[in-house]
Structures are given as structure tokens and as C-alpha cells.
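In order, the protein sequences belong to chains G and X.
Each residue of the first sequence is one higher than the one before, starting from 0 at the first, in numbering that gives the first Met the number 0.
Each residue of the second sequence is one higher than the one before, starting from 0 at the first, in numbering that gives the first Met the number 0.
In this text, a Cβ means the ideal position worked out from N, Cα and C, and glycines have one as well.
In what follows, a structure is listed as C-alpha cells, so that the remarks can point back to it.
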Amino acid sequence: MTTTAPVVAFDQVSKAYGAVRAVDGLTLTLRPGETVALLGPNGAGKSTSLDLLLGLKQPDSGSVRLFGTTPREAIVAGRVGAMLQSGGLMDEVTVAELVRLACDLHPKPYQVNDVLARAGIAQIADRKVNKLSGGQAQRVRFALATAGDSDLIVLDEPTTGMDVTTRQAFWATMREQADQGRTVLFATHYLEEADAIADRVLVLHRGRLLADGTAAEIKAKAGARRIAFDLEGTIDEAPLRALPFLTSVTVSKSGSAAGSGQTIRIQSTDADATVHALYGLGVYPRNLEVAGLGLEQAFVAITAAEEAKSK
Amino acid sequence: MNSLIKLELTRALRNRKFLFFSVMYPSLLFLLIAGNADSTSKVDGTGLTLPTYMMVSMASFGALTAVLMGNSERIAKEREGGWVRQLRLTPLPGRGYVFAKTASAAVVSLPSIVVVFVVAAVVKDVRLDAWQWLALTGAIWAGSLVFAALGVAIGYLATGDAVRPITMITYFGLSMLGGLWMPTTTFPQWLQDIAKWLPTHAYAALGQAIEQSRAPHAQDIAVLAVSFALFAGGAAWLYRKDTLKA
């Protein structure tokens, strides 16, 4: 990186559509080389944030800087490659012609053939753009975003329309981009992708930054592990609820053939300590399961907590 | 920007339907209208034979087709489809998109003018001085910019669904009422009074003035100039509005 300015700097950025605050006082900084996932439900302000970041929309207040300059200046300097969900393609031209255009327009272009190969579309280079499947079109968009040597790659829901195999191949390509020292920012609905690929996760909710950390930290924030077990007979719930590191406990009738019993489900921020304390109660838990809470559940928990707070 | 112009052009030349309507169709229409006309009787009040008169009308019509039909619909569709947004993520200057569209349309409109001239000269023996042929080509070609601006304005005004009917109504309305398909002297008086204020009428009148070896009417020049200012200003305003919204 030639500059010490952050790759992306949002300072108190707000954008409203009528009464709806799509982005509300957003402040964040991306540093060089990070792979960052932008997570949030529909309407959380992800696409608006990316539009603001790329200068497609102007904030009502606050400032957006890329590499210490305006978004447009950064784009003109060839420092940003972007793939938008809403980004269309030019019809009735071939894939190769379109990618050549993107290379021609970029100040620091790569070879057309290399771009095609890296995006995995070399074999459909002569096909007309309007005859592509959804997943192929996404790869063409990716090729347009990586037509030159940009420092920041921005991707909005990049794997929409791809099947599982293509998706994996896509992320492998994406990792190569990140490994070359680029900063990668992507918005996604596939939360397991954020978990697997990003080294930093930003959770956006109602236009505000709800959480900012590693995927592991985000999970921890919501109560990271789920403990489930059966107990025979009836048990006093009070000592269970007093176990350390709990975030929630539910007790239900167990459906096991062993007869009357209960199933206890616990969420804990430190499962080891909770289970250790559980045995200390002198009970004999059966069918004990300790499982990680997927980011998806973590995410649901965080947003639910946020909504409860705001009521 | 050159690469975008090149690609727009490649695409236009590949589109057979578009080429037919902008390059071949005006010549066919010319033959249909002027085909049986003798070369002595004159169009009322012009001193020009029907083939000579219609040659300019049809060349103007062809240029109008090339610059209006392709652009308005493509711009509206590409705005809706997001291609315009995607281009804004490249270093291409904002106006480059509109400029490339207009430039590629201008390249297609040139043959549509010349083909009508060739057909008129070969089939209907239309004879003019060399300077008249050149001046006609230049005037009709340059005049088509007025309608290129109109095409861009419609492209930024209309949505993807509405753009075709709006373009068609504008296109046929301007062509017919402006007298590109038949001399306006055949219209009833009240319609003639309307027609003479249309930019298409002024456009064809410019060419006919060259054929008559006289200076164009000030009114025609004024109508074209005002139309161009209106269309180009409207296109620029709509473009800026669209950019802020997108």
C-alpha cells in the first residue's frame, strides 16, 4: 500500500429515504489486507452502505473516504473493483468483449485472457452475455470487478445464483485475491460464508453497526455454544439456572422411550465451564451434546437482543 | 471511452433488425413513394420533383431512425438493468456512456443517409451538383444530433416498459406530421400550421433548401436550434437526476 490512509473510512455517515433511515450514523474503518464480511438481514442497509462507499449515492451527512480520497477519485485511480447485485451487463456482446472493455477502462489492467481464466469463464468467452445462467453472469460480474490491479474489491452478495460447487470455486478465487494483499469487502446472505472466509465480520442492523469482530467473537457475543442433555425424573430448575456463563435455559419434556424425563437446552458463552459445573450438581446428564452455535443463530440472537432493547 | 464506442458500434452492426430499419427501410420506402412518380411534375410550391423532394425526406427519416430508435430504448433498459451503475464503477467519465451511444448512432446514421442518395440517383435519376450532395450529407448528418439528444432524453425519462411505446409515438408522430413520409403541402391547412413548428419538418426543410440552392429559412434554423437546446438540456437534467437517484 502506498498510503497510510485507511482503505475505507466512514465517519458518522447517514442516509435516509423519506422517513426510513437506511444508514444511521455509521462509523467504520477498513485496514489494508482485511477480508471483511458485511452481514445483515434485508433492509439492514447493506446495499445502501456499499452504494455510499462506492460513491453511487451521496450521504445526507458524514463523510466517506477511500484511501484518503473521495470514492470517485479512488475509482478513477483504479484502486477499487466492485461487483454489485444490481450491476447489470451490456447485452448482445460476448463475454470476452465485455471483459476486454473492463480491461481497457482500468488504469492498471490485467490481460483479458488472465481475467477470464481467473474468473473461470474462459470456456464461455464467446457466448453472448444475455445467454448466460445466473451463476455465469455472476462470474462475469466478478471478472469485471477484477479486470485490473485494484487495492479494494467490493462484492455485494457475490454468490447469489451459484450452485454449491461454483460457490466453492468462487471463494477459492476470492481468497487468492485476498492473499495478494488486497482488501476484500463482501456483503452476503450466506452466513456460513462469512464464517468461513472473513477475518472480520460487521453486523449491520437498521443502518447501524451492531457488532464488529471476528466470526468467533460474534458467536461469543450471542452465547456461542449450545449444550443439550436429558435428565431422568423431575429436577429443580433453580440450580440449573445458576450455572455459570449461561445465556439461556429451556426445559422441556423429553420424548425418549426411557420414560418420564426432561430435555434441557442451554446456551453458554463458556461451554467447558458450564458442563464442569453441571456435573458438580451431582446429576447424571444423558445424551449430552455440545455444539457450536452457527453464525446464523448467533446473528438471530444478536438482532433479537437489539430489537428487545429498542422496544 | 473509445473502447466503449467501439463495442457499442460492434453491437449495433450486429443487430440485423436495427440495421434493416435504419439503413434499408428508408430506401425501400423511398422507392415505394417515389417509384411511380414522373420526373417532371413538381411538389407544390417547392420547385422540386417528387423523387428529389422525397430523397431528402427519406434520408432524414433514416438518420432519425438510427439515432432515435436504438438509443432511447437501450438507455432506458440499461438504466433499469444496472449496466449504467456498473459503468459508474469504472474510471469512464459519467457522460462517456451517453457520448458513446450518440457517437455509435452517428456512425450508423451516415450509411442510412448515403444509401438513400445512391438509390435516388441510380433508380430515379436524381441529379444535383457535387457541393449539394456534400452539403446535404453534412446537414442531415449534423441535424440528426437534435434527435440523438431527444433519444437520450427519452431514455432517461421512460422506464424499461414504457420506453418502446413512447419512442414509437414520438418517432411516428414526428416523421408523419413533420412531412418525412409525404409533403406537408398535401396536409389540410391547420395541420400544416402545426407541422411547420416540428423539428423534423425544419430538419427536412434544411435539406430541401440545399436542393433548391437557396439559404434555409430562419424559422427552420431557429426551430432546430431551440429543439436541440431543449432536448439536450432535458437530457442533461434527466441524466443528473438519474445519477443522484441511482
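Where does residue i sit, in a helix, a strand or coil, going by DSSP?
i, result
"G/Glu305", "helix"
"G/Ala96", "Rather than Ala, the amino acid found at residue 96 of chain G in this sequence is Glu. The answer is helix: DSSP assigns G/Glu96 an H, G or I state."
"X/Val125", "coil"
"X/Met167", "helix"
"G/Phe228", "strand"
"X/Lys41", "strand"
"G/Ala197", "coil"
"G/Pro31", "coil"
"X/Thr89", "coil"
"G/Asp23", "strand"
"G/Ala300", "helix"
"G/Val153", "strand"
"G/Pro108", "strand"
"G/Gly86", "coil"
"G/Thr164", "helix"
Quick check on the DSSP output: the beta strand (DSSP E) that includes residue i runs from which residue to which?
i, result
"X/Ala141", "No beta strand (DSSP E) contains X/Ala141, which is instead part of the alpha helix (DSSP H) from 129 to 156."
"G/Thr34", "34 to 38"
"G/Tyr16", "7 to 16"
"G/Ile265", "260 to 267"
"G/Glu288", "285 to 291"
"G/Gly80", "79 to 82"
"G/Thr182", "182 to 187"
"G/Ser251", "245 to 252"
"G/Ser62", "60 to 65"
"X/Asp241", "Careful: X/Asp241 lies outside any beta strand (DSSP E), inside the alpha helix (DSSP H) at 217 to 244."
"X/Val22", "Note, X/Val22: premise wrong, no beta strand (DSSP E); not H, not E."
"G/Leu242", "Element bounds for G/Leu242: n/a, residue is neither H nor E."
Residues in the same chain with beta-carbon distance under 7 Å from residue i, minus the five sequence neighbours each way, listed in chain order, please.
i, result
"G/Ala15", "Ala21, Asp59"
"G/Met89", "Leu97, Val128"
"X/Gln207", "Thr45, Leu47, Tyr52, Val55"
"G/Arg285", "Phe228, Asp229"
"X/Ile4", "Ala99, Ala102, Ser103"
"X/Gly159", "Ala75, Lys76, Glu79"
"G/His188", "Glu156"
"X/Ala246", "As shown, chain X starts at 0 and ends at 245. That puts residue 246 of chain X outside it, with no answer to give."
"G/Ala81", "Leu53, Ala144, Val153"
Enumerate in chain order the residues of its own chain whose CB-to-CB distance from residue i is below 8 Å, with the five nearest sequence positions on each side excluded.
i, result
"X/Pro110", "Val22"
"X/Met68", "Phe17, Phe20, Ser21, Gly150, Thr166, Tyr170"
"X/Gln218", "Lys195, Ala201"
"X/Glu72", "Gly154, Val162, Arg163, Thr166"
"G/Ile123", "Val94, Leu131, Gln135"
"G/Val35", "Leu29, Thr182, Val183, Leu184, Phe185, Ala197, Asp198, Arg199, Val200, Leu201"
"G/Val282", "Leu230, Ile234"
Specify, as a first and last residue, the run of the alpha helix (DSSP H) that residue i falls within.
i, result
"X/Glu210", "198 to 210"
"G/Leu51", "45 to 52"
"X/Asn1", "1 to 13"
"G/Ala206", "With the sequence shown as reference, residue 206 of chain G is identified as Gly, and Ala is not the correct amino acid for it. No alpha helix (DSSP H) holds G/Gly206; DSSP gives it neither H nor E."
"G/Arg126", "That residue, G/Arg126, is in no alpha helix (DSSP H); it is neither H nor E in DSSP."
"X/Phe186", "Run containing X/Phe186: none; DSSP gives neither H nor E here."
"X/Pro50", "49 to 80"
"G/Ala144", "133 to 144"
"G/Ile234", "Run containing G/Ile234: none; DSSP gives neither H nor E here."
Using only alpha-carbon positions, find the residue among the options that is nearest to residue i.
i, options, result
"X/Asn1", "G/Thr28, G/His105, G/Thr26", "G/His105"
"X/Phe60", "X/Tyr155, X/Gly142, X/Lys5", "X/Gly142"
"G/Thr213", "G/Ala193, G/Arg225, G/Ile74", "G/Ala193"
"G/Ala43", "G/Gly54, G/Gly180, G/Arg205, G/Val248", "G/Arg205"
"X/Glu7", "X/Leu190, X/Ser103, X/Phe230", "X/Ser103"
"G/Asp148", "G/Lys107, G/Gly133, G/Arg126", "G/Lys107"
"X/Ala105", "X/Ile139, X/Gly81, X/Leu91, X/Gln131", "X/Ile139"
"G/Asp125", "G/Tyr109, G/Gln137, G/Glu91, G/Asp103", "G/Glu91"
"G/Thr38", "G/Asp271, G/Val299, G/Arg240", "The displayed chain sequence assigns Leu, not Thr, to residue 38 of chain G. Closest by alpha carbon: G/Val299."
"X/Gln211", "X/Gly34, X/Pro198, X/Leu127, X/Ala231", "X/Leu127"
"G/Val289", "G/Ala195, G/Arg225, G/Ala8", "G/Arg225"
"G/Gly160", "G/Gly77, G/Ala177, G/Gln167, G/Gln137", "G/Gln137"
"G/Arg207", "G/Thr3, G/Phe9, G/Pro5, G/Ala4", "G/Phe9"
"X/Arg10", "X/Phe116, X/Val114, X/Asn70", "X/Asn70"
Which residues in the same chain as residue i place their Cβ atom closer than 6 Å to its Cβ, once the five residues preceding and following it in sequence are excluded?
i, result
"X/Val83", "Glu77"
"G/Arg99", "Val111"
"G/Gln11", "Gly24, Thr26, Gly61"
Do the stretch 226 to 235 of chain G and the stretch 60 to 75 of chain G meet, that is, are 3 or more Cβ pairs less than 8 Å apart?
The answer is no - the stretch 60 to 75 of chain G does not touch the stretch 226 to 235 of chain G, with fewer than three Cβ pairs under 8 Å.
Are the stretch 268 to 279 of chain G and the stretch 173 to 191 of chain G touching, with three or more C-beta to C-beta distances below 8 Å?
Contact between the stretch 268 to 279 of chain G and the stretch 173 to 191 of chain G is absent: fewer than three C-beta pairs spanning the two stretches fall below 8 Å.
Would the stretch 222 to 231 of chain X and the stretch 87 to 99 of chain X be scored as touching if the rule is three or more Cβ pairs under 8 Å?
No: fewer than three Cβ pairs fall under 8 Å.
With three or more C-beta pairs closer than 8 Å as the rule, is the stretch 146 to 157 of chain G touching the stretch 177 to 186 of chain G?
Touching, per the Cβ criterion.
For the stretch 109 to 124 of chain G against the stretch 137 to 145 of chain G, are there 3 or more C-beta pairs whose distance is under 8 Å?
The stretch 109 to 124 of chain G vs the stretch 137 to 145 of chain G: in contact.
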